[in-house]
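K.L.:
Heads up, the sequence shown is in my numbering, so the first residue is 19 and it goes up one at a time.
Each residue gets a CB set at the ideal place from its N, CA and C atoms; glycine is no exception.
On a predicted model such as this, the values are computed, not experimentally measured, just so you know.
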Amino acid sequence: MRITVFTIFPELIEAACRPSILGAAIESGVLTVRTVDPRDYTEDRHRKVDDVPFGGGAGMVMMAPPIAAALDSALAAEPAGARKPRIVFLTPAGRPFQQDLARAWAREDSLFLVCGRYKGIDDRARREYATDEVSIGDYVLSGGELPALVVIDAVMRLLPGALGDFTSAEEDSIHSGLLEVPQYTRPREFRGERVPEVLLSGHHENIRRWRRRAALEVTYRRRPDLLERAELTSEDRMILEEIRARSGESD
Ligand code: SAM
19 MRITVFTIFP
29 ELIEAACRPS
39 ILGAAIESGV
49 LTVRTVDPRD
59 YTEDRHRKVD
69 DVPFGGGAGM
79 VMMAPPIAAA
89 LDSALAAEPA
99 GARKPRIVFL
109 TPAGRPFQQD
119 LARAWAREDS
129 LFLVCGRYKG
139 IDDRARREYA
149 TDEVSIGDYV
159 LSGGELPALV
169 VIDAVMRLLP
179 GALGDFTSAE
189 EDSIHSGLLE
199 VPQYTRPREF
209 RGERVPEVLL
219 SGHHENIRRW
229 RRRAALEVTY
239 RRRPDLLERA
249 ELTSEDRMIL
259 EEIRARSGES
269 D
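1) Let me check you understand the geometry: is the CB of R144 closer than 7 Å to at least one non-hydrogen atom of the ligand SAM?
2) Nearest-angstrom Cα distance between L273 and S265?
3) Could you check the C-alpha separation between S219 and G47 for me, to the nearest Å?
4) Spell out the partners DSSP gives S128 in its beta bridges.
5) On the criterion of 16 or more Cβ atoms from any shown chain inside 10 Å, does S38 qualify as buried, or is it exposed?
6) Helix, strand or coil, according to DSSP, for D69 in the structure here?
7) Taking 8 Å as the limit between beta carbons, can you name the residues of its chain near M78, skipping five residues before and five after?
8) Pull up the CB-CB distance for T25 and E163, whole angstroms please, since I reckon it's below 8 Å.
9) How many whole angstroms separate the CB atoms of L176 and A187, which I take to be in contact at a CB cut-off of 8 Å?
10) Quick one, which of R209, R226, R212, G195 has its alpha-carbon nearest A250's?
11) Identify whether A111 lies in helix, strand or coil by the three-state DSSP scheme.
12) In the DSSP assignment, what are the bridge partners of R52?
13) Would you kindly report the start and end of the unbroken alpha helix (DSSP H) that includes E32?
14) Ends of the beta strand (DSSP E) at V152?
15) In chain order, what residues of the same chain have a beta carbon less than 6 Å from the beta carbon of R20, not counting five sequence neighbours either side?
16) Determine, using beta carbons only, whether R13 and P97 come nearer to each other than 8 Å.
17) May I ask you to check if the CB of Y147 is nearer than 7 Å to at least one heavy atom of the ligand SAM?
18) Would you decide whether T53 is buried or exposed? Buried here means 16 or more other CB atoms lie within 10 Å of its CB.
19) Do the CB positions of A43 and M174 come within less than 8 Å of each other?
20) For M80, name the three-state secondary structure that DSSP assigns.
21) Under 8 Å between the Cβ atoms of A34 and Y59?
22) Output yes or no for whether 8 Å exceeds the beta carbon distance between R212 and E151.
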């Protein structure tokens with residue numbers, strides 16, 4: 019997969035793409051991440067990418083021509099015959115970025131992520147190019163670089179070969195439809211708290227059942243909305259009934 023990030027702060031993306039699992043995925047060729055700086059597509063010697071908003075108001079707006087020229091150049095450089103990239107504008111006004119989108123985008127060949135700065139990007143660039151607009155949450159950041167990195171990381175985890183053990187991405191919270199169960203490692207006892215005995219038993223079926231119950235319980239308590247969309251077996255529904263009954267008793 020190829021990811022191209024359009025940003026006037028390429029060093030933010032490049033620095034975050036070096037360490038850890040993301041760095042390893044790039045190093046091993048599972049994905050490539052490159053940056054394109056709209057400043058390289060300006061026509062004035064100050065490499066100006068912003069201007070005052072028409073109609074007045076505080077702040078600056080990113081101009082359409084440098085972004086458009088950067089996108090046109092990257093589109094022209096896509097391999098011949100390749101599927102068209104998705105052109106994603108990061109914006110607080112976009113659709114919430116969730117795991118279902120990460121899953122869909124992990125199947126693409128090429129993603130373009132367009133980062134705004136200042137008051138955002140001239141709307142004509144969005145209308146001309148955006149195939150998707152996403153927000154990473156109901157808060158406003160100074161630029162689209164952190165949201166772009168959120169998208170890159172979430173998509174990368176789902177690419178075959180990116181994680182040593184793909185099952186761990188499948189077990190992640192949300193991806194599986196439920197929140198993930200509590201995890202434990204050595205030591206067996208920490209400040210008087212012992213690891214649940216069943217996890218030490220080596221009994222695979224009991225461990226599976228304990229984990230499923232724990233996932234259902236933590237999801238019921240913290241994110242009951244997820245249960246409405248999760249794929250539940252009849253065993254899950256029985257467990258949920260018990261959890262509901264127990265929590266009713268303790269209310
Ligand atoms: N004035 C814009 C508004 O109210 O929607 C916010 C502009 S923000 C300061 C600058 C840039 O940061 C945006 O163009 C966008 O690329 C990015 N950004 C900020 N918050 C974001 C969020 N929650 N999700 C995605 N992108 C965001």
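P.N.:
According to the data block:
1) The answer is no for R144.
2) The displayed coordinates of the chain run from 19 to 269. Any statement about residue 273 would go beyond what the structure contains.
3) Roughly 40 Å separates the two Cα atoms.
4) Beta-bridge pairing links S128 to R20.
5) Exposed, because fewer than 16 other Cβ atoms sit within 10 Å of the Cβ of S38.
6) D69: strand per DSSP, three-state reduction.
7) Shown here for M78: same chain residues with a beta carbon closer than 8 Å to its own, the five before and five after excluded, namely D68, D69, V70, P71, Y136, K137 in chain order.
8) Contact between T25 and E163 holds: their C-beta atoms lie close to 6 Å from each other, under 8 Å.
9) With 8 Å as the limit, L176 and A187 qualify as a contact, their Cβ atoms being about 6 Å apart.
10) The question names Ala, but residue 250 in the sequence shown is Leu. For L250, the closest C-alpha among the options R209, R226, R212, G195 is that of G195.
11) A111: strand per DSSP, three-state reduction.
12) Answer is T22, bridged to R52.
13) Residues 28 to 34.
14) DSSP places V152 inside the beta strand (DSSP E), whose first and last residues are 150 to 153.
15) Spatial neighbours of R20 in its own chain (CB-CB distance under 6 Å, excluding positions within 5 residues in sequence) are listed in chain order as T50, S128.
16) The question about residue 13 has no answer here: the residues shown for the chain are numbered 19 through 269.
17) Not one heavy atom of the ligand SAM is found less than 7 Å from the C-beta of Y147.
18) Buried is the call here.
19) In this structure, M174 lies closer than 8 Å to A43 by Cβ.
20) Here M80 sits in strand by DSSP.
21) Against a cut-off of 8 Å, the Cβ pair of Y59 and A34 comes out as no contact.
22) No; because the gap between Cβ atoms is not below 8 Å, this pair is not in contact.
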